[in-house]
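Numbering (my numbering), first residue to last: 174 to 240.
Here is the structure we will look at, set down as structure tokens.
Shown next as structure tokens:
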């Protein structure tokens with residue numbers, strides 16, 4: 174999914190964290206993704222949401238905890 178956009182989403186509020194947006198540049202991703210988290214990120218439950226090159230929902234990760 175070259176050009177896909179990945180965002181970190183806070184599960185409780187549904188808020189997408191704009192400062193964590195990253196793009197998929199590889200035509201064949203290997204299943205790993207590195208996202209730099211801002212210093213001020215709060216502990217909680219999050220998930221990753223992927224949007225295809227047209228901005229449509231493409232995938233969602235399992236929930237995970239930060240903090």
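Positions of the beta carbon are idealized from the N, C-alpha and C atoms, including for glycine.
*What number of angstroms, rounded off, separates the C-alpha of residue 188 from the C-alpha of residue 207?*
Indexing the chain shown from 1 puts residue 188 at position 15. Indexing the chain shown from 1 puts residue 207 at position 34. Each residue's Cα considered, the two are about 20 Å apart.
_Option in 196, 210, 179, 238 with minimal Cα separation from residue 216_ = Reading the chain shown from its first residue, position 43 is the one you call residue 216. The candidate whose alpha carbon is nearest that of residue 216 is 238.
*Residue interval of the beta strand (DSSP E) (run including residue 222)*: As a first step, residue 222 is located in the chain shown; it is residue number 49 there, counting from the start. Element bounds for residue 222: 217–224.
_So if DSSP puts residue 190 in a beta bridge, which residue, or which two residues, is it bridged to?_
Along the chain shown, read from residue 1 onward, the residue named residue 190 stands at position 17. Beta-bridge partners assigned by DSSP to residue 190: 181.
*Pick helix, strand or coil for residue 230, following the three-state DSSP scheme.*
One-based indexing of the chain shown puts residue 230 at position 57. Reduced to three states, the DSSP call for residue 230 is strand.
*In chain order, what residues of the same chain have a beta carbon less than 7 Å from the beta carbon of residue 231, not counting five sequence neighbours either side?*
Residue 231 sits at position 58 when you count from the first residue of the chain shown. So the list reads 174, 177, 223, 224, 225, once near-sequence residues are dropped.
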